[in-house]
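Asker: Dropping the structure in here first, questions after.
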Amino acid sequence: MHVKHEVRTESEFLTMSEIELFHEWGSVQSFKVRMCLAELDLPWTSRRIDLSRFDNLTPAYLTVHPKGLVPALRWNGEVFVESSDINELLVDIAGGRLLPSSIEERARARSWARFEDEVVHPAIRPPTFNLILKARVAKIAPAAFAEMISRHPLPARRDAYLAAAHAPFDHAAVVTSIRTFRDVMARMERALAERHWLAADSFSLADVAMAAFVDRLDRLAMPALLAAFPKTSDWATRIRALKSFAEAQGPDNARPDPLVNTAAVATLIAEAHGQAPTLEMERF
Numbered sequence: 001m002h003v004k005h006e007v008r009t010e011s012e013f014l015t016m017s018e019i020e021l022f023h024e025w026g027s028v029q030s031f032k033v034r035m036c037l038a039e040l041d042l043p044w045t046s047r048r049i050d051l052s053r054f055d056n057l058t059p060a061y062l063t064v065h066p067k068g069l070v071p072a073l074r075w076n077g078e079v080f081v082e083s084s085d086i087n088e089l090l091v092d093i094a095g096g097r098l099l100p101s102s103i104e105e106r107a108r109a110r111s112w113a114r115f116e117d118e119v120v121h122p123a124i125r126p127p128t129f130n131l132i133l134k135a136r137v138a139k140i141a142p143a144a145f146a147e148m149i150s151r152h153p154l155p156a157r158r159d160a161y162l163a164a165a166h167a168p169f170d171h172a173a174v175v176t177s178i179r180t181f182r183d184v185m186a187r188m189e190r191a192l193a194e195r196h197w198l199a200a201d202s203f204s205l206a207d208v209a210m211a212a213f214v215d216r217l218d219r220l221a222m223p224a225l226l227a228a229f230p231k232t233s234d235w236a237t238r239i240r241a242l243k244s245f246a247e248a249q250g251p252d253n254a255r256p257d258p259l260v261n262t263a264a265v266a267t268l269i270a271e272a273h274g275q276a277p278t279l280e281m282e283r284f
């Protein structure tokens, strides 16, 4: 009896292990990972964590991610968290694709990924919470909501979520976020004046990270913010045309989100444009 031994490259061997992604379709950071998977053409198994039902706080999911956050990725028996770290892992699995060739360009790509994590994503939270999540929470019976949120493993975040859910619409926080979005686009505009994509003349992890920003602008009924930044607007149009962008959206692809009050958004944008940008981003 002869056993055939196939010779495989390291990359081919790595991709043989099943990739399981624990994610929510409406999560910004989950979007980044799904788009990366699509761009790299890596097969994966979807494990949806329904945040509207607080599935992230169930004992089963807390064994995967003790902080109850998404996304999380299980590969080769190990769980990885933090979306940018997950995307770097996926790039390694796929043999280095999505990272530019030069040292400087790779550094830029990673800087953009960090910028999305540290500046863009925090700015996305207030409008998402006030324009979408508060309306969703209002549909849940108070007793049921209290029971679900009581399972949160981080008391400080649990208490903050409870307070925010029952507080009035945070007008000032949303306006501040819109001003931050404008600053973000100004930084993108400067980068795109020098190259075709954010980090290089080739599409990279930088564009994957910031594609999630475009999708959230669309979901929040805020794509009009791009009009003042022609190069960034053109970049966003190219991003939206990618097959991987649509695949990252998945079934949760209503844009804007049906819960968003578009008239209120227009008013908030007008107010935000009445003042100069305030965000300091020199370190990026």
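Anchor point for the sequence shown: position 157 equals 157 in the UniProt record's numbering, and the numbering is continuous, going up by one each time. Cβ coordinates follow ideal geometry from the N, Cα and C atoms, glycine included.
#1: Quick one, which of VAL260, ASP50, MET188 has its alpha-carbon nearest THR115's?
#2: For ARG106, which option in MET222, LEU242, LEU198 has the closest C-alpha, if you only look at C-alpha atoms?
#3: Under 9 angstroms between the Cβ atoms of LEU131 and LEU259?
#4: Just the C-alpha distance for ILE178 and GLU118, rounded to the nearest angstrom, thanks.
#5: Is the stretch 85-100 touching the stretch 50-62 in the sense that three or more CB pairs, one from each, lie closer than 8 angstroms?
#6: Alpha carbon to alpha carbon, how far is ARG212 from ALA146?
#7: Where does the unbroken alpha helix (DSSP H) through ALA135 begin, and where does it stop?
#8: Which two residues bound the contiguous alpha helix (DSSP H) that contains PHE31?
#9: In the structure shown, what three-state DSSP assignment does SER46 receive?
#10: Taking the C-alpha atoms as reference points, what is the distance between PRO256 and VAL265?
#11: Verify whether the separation of the beta carbon atoms of VAL184 and ALA109 is less than 9 angstroms.
#12: So, PRO223 versus VAL174, is the Cβ gap smaller than 9 angstroms?
#13: Can you list, in chain order, the residues of its chain whose CB lies under 6 angstroms from that of LEU37, leaving out five sequence neighbours each side?
#14: Are the CB atoms of VAL208 and ASN87 nearer to each other than 9 angstroms?
#15: Any idea what DSSP makes of VAL70, helix, strand or coil?
#16: What residues in its chain sit with their C-beta under 7 angstroms from that of PHE13, if we drop five residues either side in the sequence?
#17: Quick check: is any heavy atom of the ligand GTP less than 8 angstroms from the C-beta of PRO168?
#18: Please state the DSSP three-state secondary structure of PHE203.
#19: So what does DSSP say about GLU282, is it helix, strand or coil?
#20: Can you check which of these residues, LYS67, SER101, SER46, GLY68, is closest to TRP75 by C-alpha distance?
#21: Under 9 angstroms, do VAL28 and ARG240 count as touching if we go by C-beta distance?
#22: Among GLU82, MET35, PHE169, which has the Cα closest to the Cα of PRO246?
#23: I'd like to confirm the pairing. Which residues does DSSP put opposite GLU20 in its beta bridges?
#24: For ASP159, which residues in the same chain have their Cβ closer than 7 angstroms to its Cβ, ignoring the five residues on either side in sequence?
#25: Quick one: which unbroken alpha helix (DSSP H) runs of 4-plus residues sit fully inside the UniProt domain "GST C-terminal" (102-260)? Chain order, please.
#26: If you draw a straight line from the C-alpha of GLU20 to the C-alpha of PRO71, how long is it?
Answerer: Reading off the structure:
#1: The sequence given here places Phe at residue 115; Thr does not occur at that position. Looking at the Cα atoms, MET188 is the closest of the given residues.
#2: LEU198
#3: yes
#4: 16 angstroms
#5: no
#6: Residue identity check: residue 212 is Ala in the sequence provided, not Arg. Going from the Cα of ALA212 to the Cα of ALA146 covers about 31 angstroms.
#7: 134-137
#8: 28-40
#9: strand
#10: 11 angstroms
#11: no
#12: no
#13: TRP44
#14: yes
#15: coil
#16: The predicted position of PHE13 is uncertain, since its pLDDT is 36 and thus under 50; a value taken from the coordinates is nonetheless stated next. Within the same chain, PHE13 has no close Cβ partners at all.
#17: Of ligands this structure carries none, so the ligand GTP is not represented either.
#18: coil
#19: Since pLDDT at GLU282 reaches only 43, below the 50 mark, its modelled position is unreliable, and no value is offered.
#20: SER46
#21: no
#22: Before going further, note that residue 246 is Ala rather than Pro in the sequence given. The option with the nearest alpha carbon to ALA246 is MET35.
#23: THR45, ARG74
#24: none
#25: 103-115, 121-128, 134-137, 142-149, 155-166, 171-192, 205-219, 230-240, 243-249
#26: 10 angstroms
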